[in-house]
Amino acid sequence: MEDRRIAIITGASSGLGAEYARLLDKEGLAEIWLIARRKDRLEALAETLETKCRCLAFDLTNEEALNALESEVTTAKMVVTYLVNAAGFGCIGLSRECPREKLQQMVKLNDMAALALTEICIPHMERGSIILQIVSCSAFQPIPNLAVYAASKAFLLSYSRALSVELQDTGIQVTAVCPFWIKDTEFVDKAKETDRHKVYRDMPGATNAKHVAKVSLKEAKTGTVVCTPDPVSTMHRIVASLLPHWLLARVCK
């Protein structure tokens, strides 16, 4: 019988998305769909993988792109065994000093695109399928100088937790991946573009993309709903559950 299982990975052109592609290349899938804006990066990654890849150069903040992707998924008549929503970016700095358009774009990509991809794929999933939402430990509390980013991740965390309950009877697993800073991705460099007051400092305890992808995929397969894949994110989750958020926000400032 023909294998119809596929993985769909957003933000696949670099960093965490690319690491998930390398891991899922070992799963014996029929196809891996790599999604990002930079097609040359996607094609370069695809050449290193053994699994057949479909490279889709989409801007997921564009509604027409989401409609086109929905059409692709429907027409393919494949089973989405893995969905990895790894596309996203952040801005470091006071929100009032960041361009409004950039903040809105962040919410569109971090939240609305992840929501759209999830709802597009669920009808094409079956028991045992896995949704990995790449969140952040910033979702655990409000964070000055990351105000909109942390809020966008709080939305995604809450959505993922509720969705995991909604989908229990279907056998579809939802896992929110909440790491601390990942040092070998483009996230920090992009986020620092708005850091006028040099708020960012090198973060002790920062993890790496390969570790986060490996640990979170393993935990998703065992049914973990909220994965904190490194010591700092695990401690952050505990502290944020014990202390009032107004206090934590002031400490972070």
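Numbering follows my numbering, in which position 113 of the sequence shown is assigned residue number 117; successive positions increment by one, without gaps. Think of the CB as a built atom: it goes at the ideal place given N, C-alpha and C, for glycine as much as any other residue.
Pick from the options: whose alpha carbon is nearest that of residue i?
i: G32; options: A40, K56, E101 and T52; result: K56
i: R165; options: A22, C182, A151 and I36; result: C182
i: S237; options: G209, L70, I13 and P248; result: G209
i: L53; options: D63, F62, L38 and A61; result: L38
i: P146; options: W250, D7, E68 and G21; result: W250
i: V219; options: L136, T78, C95 and R58; result: L136
i: K81; options: K222, A224, H128 and R26; result: H128
i: I176; options: L160, L221 and I126; result: I126
Checking 7 Å against the spacing of the C-beta atoms, do residue i and residue j come in under that value?
i: I242; j: T211; result: no
i: V152; j: L119; result: no
i: T232; j: A213; result: no
i: A69; j: T14; result: no
i: A143; j: A158; result: yes
i: T174; j: K112; result: no
i: H11; j: L28; result: It should be noted that the sequence gives Ala, not His, for residue 11. Their beta carbons are under 7 Å apart, which means A11 touches L28 by this criterion.
i: C141; j: F184; result: yes
Bridge partners for residue i per DSSP, in chain order?
i: N89; result: T14 and Q137
i: A61; result: A40
i: C231; result: V181
i: R9; result: V83
i: E35; result: I10
i: I186; result: T211
Count the other CB atoms within 10 Å of the CB of residue i; is the residue buried (16 or more) or exposed (fewer)?
i: E23; result: buried
i: N149; result: buried
i: V305; result: Because the chain in this structure spans residues 5 to 257, residue 305 falls outside the shown range and cannot be described.
i: E67; result: exposed
i: V255; result: exposed
i: G97; result: buried
i: L247; result: exposed
i: E105; result: exposed
With a cut-off of 8 Å on the beta carbons, I'd call residue i and residue j a contact; round off their distance for me.
i: I124; j: L73; result: 7 Å
i: L46; j: A61; result: 7 Å
i: E130; j: V83; result: 6 Å
i: I138; j: L20; result: 6 Å
i: V229; j: V178; result: 7 Å
i: R1; j: T85; result: Nothing about residue 1 can be read from this structure; the chain reaches only from 5 to 257.
i: S17; j: A40; result: 4 Å
i: N114; j: S168; result: Not confirmed; about 19 Å, so no contact.
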